[in-house]
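Asks:
Residue numbers (our numbering), protein chains in the order written: chain A, 1 to 362; chain B, 363 to 906.
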């Protein structure tokens, strides 16, 4: 028998659906993702910590879950919202259904709700706190709980998803790269390893002195969840690393670099989450289609340092997508060159990082 | 990059009479192009032999020639009008073939007419199997094993190397006409000889059979600044072996993981760059082995195609209009998205619904025609439907065919097990009806897959419809809950179908729905899954 589940938003909006995955009750920030493929990567992306993710594409689960396409060990999001979760999966690589995967990792799913109406609501009102429940179906009580939940602003979620101790992703390579793990997607490490890097992953709380003692040729500031302004210790670490080693920041890593350089961050109304965001490389005027997942953004106007050059711009809303320091070997992008899920147009940035490492180490 | 100012007048070649494989979609693309370029101040000269087209309406072009679309007549038009450029990529295969022969005759060179959209080298590289094969190898893409032949003796030598079953395609023909699949030497002899006869250059391509593989199409656009975007992916419900024009097709692709989709996207970008289509749209077809995921490139159309029209309607991205603008030098980031206005056309549409295209056949009008579906296109039209689920879109599409189907229905007479097996194994116009019959006779998804090679995901969705129909029928004479009635509408059942299940009239079902307030919503096609405000969207009805 199908069991009822309710999604309630803090502003009182209610959606009735059906439960899949596990039953229970979970709060989180409700956001939408417009990717048509890649739900497995999205489910396992640590940047979704604290969020309930709605997929705008209505048919999810069609190709199941396979053993290869993981971006971390397990899903981190608080809940998963779809129009229709496929009851079967069809793929030569799949070994499990979406439903079984969510059950295995104790994640709540809700299906059968009008995801387009939800998306329109979030687009016009903004991302907001919400709750999914199969236990309490009373709208008033749920809205109250959603309102009372912590949300994302000012909360350090990085400490929830970073690795517990230092580990080596691979055993050797021409360049030694330290990944400062704020919730790094595995494909960042895969891309580095594919470029002959010896990849060492360190917890987000690792000090700049400790990082430098590992004698890296380059440091990768990874993606990660939540409010950048709440992760003060990483910003301090980046300040310590600036000018001493080649730095490449991705997503939250970009925000860390931006804040370390004196910029301020702000919360976007509903964020950028999808695989079709056009970004212009201002150096070549060429446009790349990018994979994005961020709710916060570094304010272009606050980066007053004349030594910081704007390199990439979002063509949809003209927000900041990439910067490069003119003196120190450091650059960063707000989007995801490691893709997974999403297009591969921006992989050249990993090659630029290799160039920067060569430049900085000679 | 700004528009080209070295061009003042442009000759657009239409596609001529409506034939199987080339119908009004090229009128649609031609009209878009005429409007876009005229609005931009170019003088448009049009040649199209078909006066029953919108593009030949007097106000669309500056000069319209209703003359045969062949090189001799086009040359006369060029002599008289002296256009600066010719845009041959919007009039289907007819326009493309004419342009190549005019270039070979030196007509464009003599009158200093620039080919825009795609030049002759590009067209040849895409259409000549040998050149295409070399180009694909150069960028590291896999192809089915193949060989070409110019006479029957050469053809035999190729078939000995590859083995049966094999596919035969004649070079430079419309909609793959004159081609087919051969499982033995007798069939091969018949098809090969016919193919050699109908090909204007007496050339046939003989290819490793990838029959039964999953078939995909990608609609790609490129501009002069080398920006490349994918407008739409399409997955064929009918696997390889049935011409795309005769297949039920679905947008977007339903059964590819992101890794596989991105691999196909990368391949598409590599193909359009290597073939060298500088501006405009191309359609690239792929086949994937369902057992192990091996992906091969099937072919590329360096022009606006039948599928472009579908992709335009499916996504809200006007491919032909954009192709025309890119041909005169604009780049994708300079053109606003028609629907959202505030975001640029340089992006990849994302959709939040499912689109199903179903071909329409009229074999009753072609006495003696072989009704089995092959690699040679036989359908004369199609219905396109949009729903929030495949199930809803499929049922809407089937009743839009105007063949007295009111949803996913079975054949009118009760078929035998043998008849079902034959109908599933050898695809015909009514295969989808027999899938229903097979599901009702409780053939398993695997059994149906073995006979049809239609992906299990599609088959299981159809099984869900059949199962729910069983549940609905069991409610005959009972009180139907709002929840069940709503669920039936969400799954795409028509009032007429429900009336049949419950021995009621269509009007009674409508009244019942009205009482329970179960009415369709109209949702937008907006290119962006509601991420941005839409100013000129269009709508589809849905109950979910």
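By construction, the Cβ of each residue, glycine as well, lies at the ideal position given by its N, Cα and C atoms.
Quick one: Cα of residue 65 (chain A) to Cα of residue 84 (chain A), how far?
Replies: Answer to the nearest angstrom: the Cα atoms are 16 Å apart.
Asks: Sort out for me which residues DSSP pairs residue 532 (chain B) with in a bridge.
Replies: Its beta-bridge partners are B:566.
Asks: Any chance the region 220-227 of chain A sits against the region 33-51 of chain A, with 3 or more Cβ pairs inside 8 Å?
Replies: As far as the Cβ criterion goes, the region 220-227 of chain A touches the region 33-51 of chain A, which means the pair count is three or higher.
Asks: Note down, in chain order, every chain A residue with its Cβ under 8 Å from the Cβ of residue 713 (chain B).
Replies: Near residue 713 (chain B) (Cβ distances below 8 Å), the residues of chain A are 36 and 57.
Asks: Taking residue 909 (chain B) as the query, report the chain A residues whose CB atoms sit under 7 Å from its CB, ordered along the chain.
Replies: No information on residue 909 (chain B) is available, as it lies outside the stretch 363 to 906 that chain B covers here.
Asks: Residues of the region 605-630 of chain B in Cβ contact with chain A at a cutoff of 7 Å, in chain order, please.
Replies: Taking 7 Å as the Cβ-Cβ cut-off against chain A, the residues of the region 605-630 of chain B that qualify are 614, 616, 617, 618, 619, 620, 621, 623, 624, 627 and 628.
Asks: Ignoring anything shorter than 3 residues or poking outside the region 71-157 of chain A, list the beta strand (DSSP E) runs there in chain order.
Replies: Whole beta strand (DSSP E) segments, 3+ residues: 79-82, 94-96, 108-111 and 128-133.
Asks: Can you look up residue 259 (chain A) in the DSSP assignment and give me helix, strand or coil?
Replies: Here residue 259 (chain A) sits in helix by DSSP.
Asks: What do you reckon, are the CB atoms on residue 607 (chain B) and residue 741 (chain B) nearer than 8 Å?
Replies: Taking 8 Å as the Cβ cut-off, residue 607 (chain B) and residue 741 (chain B) qualify as a contacting pair.
Asks: Looking at chain A, is there any beta carbon in it that lies within less than 8 Å of the beta carbon of residue 906 (chain B)?
Replies: Cβ-Cβ to chain A under 8 Å: yes for residue 906 (chain B).
Asks: Looking at chain E, which residues of the region 95-114 of chain A have a Cβ within less than 8 Å of any of its Cβ atoms?
Replies: Of the protein chains in this structure, namely A and B, none is chain E.
Asks: Would you report the Cα separation of residue 825 (chain B) and residue 256 (chain A), rounded to the nearest angstrom?
Replies: When rounded, the distance between both Cα atoms is 51 Å.
Asks: Decide if residue 719 (chain B) is buried, meaning its Cβ has at least 16 other Cβ atoms within 10 Å, or exposed.
Replies: The residue is buried, with at least 16 neighbouring Cβ atoms inside 10 Å.
Asks: Give the secondary structure of residue 204 (chain A) by DSSP, where H, G and I count as helix, E and B as strand, and everything else as coil.
Replies: Residue 204 (chain A): coil per DSSP, three-state reduction.
Asks: Are the CB atoms of residue 19 (chain A) and residue 5 (chain A) within a distance shorter than 8 Å?
Replies: Yes. Within cutoff.
Asks: Helix, strand or coil: how does DSSP classify residue 427 (chain A) here?
Replies: Nothing about residue 427 (chain A) can be reported from this structure: the residues present for chain A run from 1 to 362 only.
Asks: The alpha helix (DSSP H) that contains residue 818 (chain B), what's its start and end?
Replies: From DSSP, the alpha helix (DSSP H) with residue 818 (chain B) extends over 818-835.
Asks: Keeping to the same chain, check which residues put their C-beta closer than 6 Å to that of residue 149 (chain A); ignore five residues upstream and five downstream.
Replies: Within the same chain, residue 149 (chain A) has close Cβ partners 27 and 129.
Asks: Pick from B:664, B:596, B:501 and B:810: whose alpha carbon is nearest that of residue 674 (chain B)?
Replies: Checked all of B:664, B:596, B:501 and B:810; the closest Cα to residue 674 (chain B) is B:596.
Asks: Can you tell me the Cα-Cα spacing of residue 598 (chain B) and residue 873 (chain B), whole angstroms?
Replies: If you take the alpha carbons of residue 598 (chain B) and residue 873 (chain B), they lie about 38 Å apart.
Asks: Excluding five sequence neighbours on each side, which residues of the same chain lie with their C-beta closer than 8 Å to the C-beta of residue 278 (chain A)?
Replies: Hits under 8 Å: 287, 288, 289, 290, 314, 315 and 316.
Asks: Which residues bound the alpha helix (DSSP H) around residue 762 (chain B)?
Replies: Looking at the DSSP string, the run of the alpha helix (DSSP H) that includes residue 762 (chain B) is 752-762.
Asks: Just to check my reading of the structure: residue 630 (chain B) and residue 592 (chain B) have Cβ atoms closer than 8 Å, yes? What is that Cβ distance to the nearest angstrom?
Replies: Indeed, because the Cβ distance is near 6 Å, the residues count as touching under 8 Å.
Asks: Consider the Cβ of residue 855 (chain B): report whether some Cβ of chain A lies at a distance smaller than 8 Å.
Replies: So no, residue 855 (chain B) is outside the interface.
Asks: Would you say residue 591 (chain B) reaches chain A, if we count a Cβ-Cβ gap shorter than 8 Å as a contact?
Replies: True, the Cβ-Cβ gap to chain A drops below 8 Å.
Asks: Starting from residue 268 (chain A) and walking both ways along the beta strand (DSSP E), at which residues does that stretch end?
Replies: First-last of the beta strand (DSSP E) with residue 268 (chain A): 265-281.
Asks: Does the beta-carbon of residue 729 (chain B) have 16 or more other beta-carbons within 10 angstroms, so that it is buried, or is it exposed?
Replies: Exposed, because fewer than 16 other Cβ atoms sit within 10 Å of the Cβ of residue 729 (chain B).
Asks: Give the range of the beta strand (DSSP E) segment to which residue 725 (chain B) is assigned.
Replies: Element bounds for residue 725 (chain B): n/a, residue is neither H nor E.
Asks: What are the residues that DSSP puts in a beta bridge with residue 57 (chain A)?
Replies: Per DSSP, none; premise fails for residue 57 (chain A).
Asks: May I ask you to report which of helix, strand or coil DSSP gives residue 380 (chain B)?
Replies: Looking at residue 380 (chain B) - three-state DSSP - the assignment turns out to be coil, as it is neither helix nor strand.
Asks: Give the interface partners of residue 169 (chain A) over in chain B, defined as CB-CB distance under 8 Å, in chain order.
Replies: Under the 8 Å cutoff, chain B gives no residues; its nearest Cβ is about 20 Å from residue 169 (chain A).
Asks: With residue 189 (chain A) as the anchor, note down where its alpha helix (DSSP H) starts and where it stops.
Replies: Note, residue 189 (chain A): alpha helix (DSSP H), 186-194.
Asks: When you compare the CB of residue 63 (chain A) with every CB in chain B, is at least one pair closer than 8 Å?
Replies: Closer than 8 Å: yes.
Asks: Which residues mark the beginning and the end of the alpha helix (DSSP H) in which residue 470 (chain B) is found?
Replies: Taken as a continuous stretch (DSSP letters only), the alpha helix (DSSP H) holding residue 470 (chain B) covers 469-472.
Asks: When you compare the region 645-659 of chain B with the region 111-125 of chain A, are there three or more beta-carbon pairs, one atom per stretch, that lie closer than 8 Å?
Replies: Contact fails: fewer than three Cβ-Cβ distances are below 8 Å.
Asks: Examine the Cβ distances between the region 768-780 of chain B and the region 854-869 of chain B and report whether three or more of them are shorter than 8 Å.
Replies: As far as the Cβ criterion goes, the region 768-780 of chain B touches the region 854-869 of chain B, which means the pair count is three or higher.
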